[in-house]
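**Q** Heads up: the sequence shown is residues -19 to -1, 1 to 342, going by mature numbering (1 follows the signal peptide of the UniProt record, and there is no 0). Yeah, the Cβ is synthetic: ideal placement off N, Cα and C, and Gly gets one too. Please read these numbers as outputs of a predicted model, since none were measured by experiment.
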Amino acid sequence: MKKKIILLLSFIVYLSATAQKNASVDSITQRNLFQNLKPEFEKYEKQHGNYIQTHNIRMHYLEWGDKKNPTLVWIPGTYSNGYELYEMIDQLVKMNLHVIAIDYYGHGFTPISQKNLSIYHVADDIKFLLDTMKIKKAIIGGWSRGGTISSAFYDAYPEMVQALILEDGGSVAWDFQAKAANIAKDIEETKQYYTNKKAMAFDTDFDAYWWIYNNWGIKGKESEKLKKEIFTSYARIKKNTNGKYEINPGAEELTGENSAEENIAIIYTPFTSKKAFGASTHQLNPKIIYRNLNIPLLIFDPVSKNDWFDFKEENDKLTDEHQPFIVHKVYENTWHGVKDERPNEVINDIKTFLLNNKLIK
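1. How far does the beta strand (DSSP E) with L53 in it extend, from its first residue to its last?
2. Is it buried or exposed, S204, if we count other Cβ atoms within 10 angstroms and call 16 or more buried?
3. Can you list, in chain order, the residues of its chain with a C-beta nearer than 8 angstroms to that of A182? Leave out the 5 residues immediately preceding and following it.
4. Keeping to the same chain, check which residues put their C-beta closer than 6 angstroms to that of V103; ignore five residues upstream and five downstream.
5. Ordered along the chain, which non-local residues of its own chain (more than five positions away) have a Cβ less than 8 angstroms from that of R39?
6. Using C-beta distances below 7 angstroms, list every residue in its chain close to K342, excluding the 5 sequence neighbours before and after it, in chain order.
7. Got a sec, what are the start and stop residues for the beta strand (DSSP E) G259 sits in?
8. For D282, which residues of its own chain have a beta-carbon under 7 angstroms away from its beta-carbon, when the five flanking residues on both sides are left out?
9. Could you confirm whether any beta carbon from chain B is found closer than 8 angstroms to the beta carbon of D291?
10. By the DSSP assignment, the beta strand (DSSP E) with E203 in it spans what residues?
11. Roughly how many whole angstroms lie between the Cα atoms of A165 and I247?
12. Could you tell me the alpha carbon to alpha carbon distance between W124 and L235, rounded to whole angstroms?
13. Look up G87 in the DSSP assignment and say whether it is helix, strand or coil.
14. Less than 8 angstroms separating the beta-carbons of A257 and G87?
15. Just tell me which of Q304, K179 and V6 has its CA closest to the CA of N273.
16. Take E169 as the anchor and find which of A241, S214, V80 and L98 has the nearest alpha-carbon.
17. Which residues does DSSP pair with G128 in a beta bridge?
18. Is it right to say G63 is buried, meaning 16 or more other beta carbons lie within 10 angstroms of its own, or is it exposed?
19. Go through its chain and collect everything with a Cβ distance to G127's Cβ below 6 angstroms, but skip five positions before and after it.
20. Identify the continuous alpha helix (DSSP H) that holds residue 356 and give its terminal residues.
21. Look at the Cβ atom of G89, then the Cβ atom of H41, and state whether they are nearer than 8 angstroms.
22. Under a Cβ-count criterion, where at least 16 other Cβ atoms within 10 Å of its own Cβ denotes burial, should residue 357 be classed as buried or exposed?
23. Tell me D156's beta-bridge partners as DSSP assigns them.
24. From T10 to L207, what distance separates their C-alpha atoms?
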């Protein structure tokens, strides 16, 4: 028995040493990639990145394709940025689309305003950009919170929207599953989460990326998919006033996810929230916004145990209420980031949707 225990312990030590060695090799590989891709990123940003001073902010955006073609405005998800389209942008441009991907406040290269701005102010920024470009109508789309902002844009400026593409966000209210009976329990769990939550600052930009790599589902990705994640990370990581590196500094405060008090407020008492951005996200009600829907709407709806938002039943109801305008695409066994996990299918579904509605040729 003693011999077996010794052998087992030796095997565990061997596995631990092997895991550490593999992690070390992976770290070196990722560090080299992170450093070596920077010149390519800077060249790409110079080619496609732009800024515009709106009434609210100096907004950064990426632009691809011929302005004479139909315009797709894409709005990224929380803590992401316009580079989330990198992996599939060439295929979108091949559809004869003019594509704009914006960075809203505290995301990518757009700063956070001193004003208390809401997601409807982002809609105003987008309108300002389109007006400046003399674009009267556009296809508006977004992922997660970007989908919610897309719905806010439609609510504010319906005459400017040709069609909508919502990737797991914007078609269902964020807190539709909140129940009065669970409020006390939810609040206590939220408080406990923030009690255990630690502030993060890193000595180098790579250290920040290495944390993202290991904690945000990037590990194991290769080729263009990994390059997209690295490009997106370049736009996320910033140096703070103390000389340390942070991931989307200030964005958690903007969204109302920096403290238990604010997170509870944006959900249960949004009018007491300190930040209009987070509160307005949770106040948006697609059932009301789409009550008179008369334009095409494509919904990407992931369904799996890993899906962050169980929207299928509500999306089914919305689709039934607004036939034939809504196309509800259910992606089985897919997590919240549909286009990241199944980009080719997403591209095909977008192309079919746009062709069927004569928005592209």
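**A** To lay it out plainly:
1. T52 to I56
2. exposed
3. Residues N221, N223, K225, Y226 and E227 of the same chain have their beta carbon placed closer than 8 angstroms to that of A182, with the five preceding and five following residues left out of the count.
4. Y85 and I130
5. The residues are Y32, I33, T91 and P92.
6. N77
7. Taken as a continuous stretch (DSSP letters only), G259 belongs to no beta strand (DSSP E), being part of the alpha helix (DSSP H) at A257 to Q264.
8. D149, F292, K293, N296, H309, K310, V311 and Y312
9. The chain inventory of the structure shown lacks chain B, comprising one protein chain alone.
10. Taken as a continuous stretch (DSSP letters only), E203 belongs to no beta strand (DSSP E), as it is neither H nor E.
11. 15 angstroms
12. 18 angstroms
13. coil
14. no
15. Q304
16. Per the Cα distances, A241.
17. G128 pairs with nothing; no bridge assigned.
18. G63 comes out buried.
19. I56, P57 and G58
20. Any answer about residue 356 is impossible in this case: the structure gives the chain only from -19 up to 342.
21. yes
22. Shown here, the chain extends from -19 to 342; a query on residue 357 therefore has no answer.
23. The partner list for D156 (beta bridge, DSSP) is empty, contrary to what the question assumes.
24. 12 angstroms
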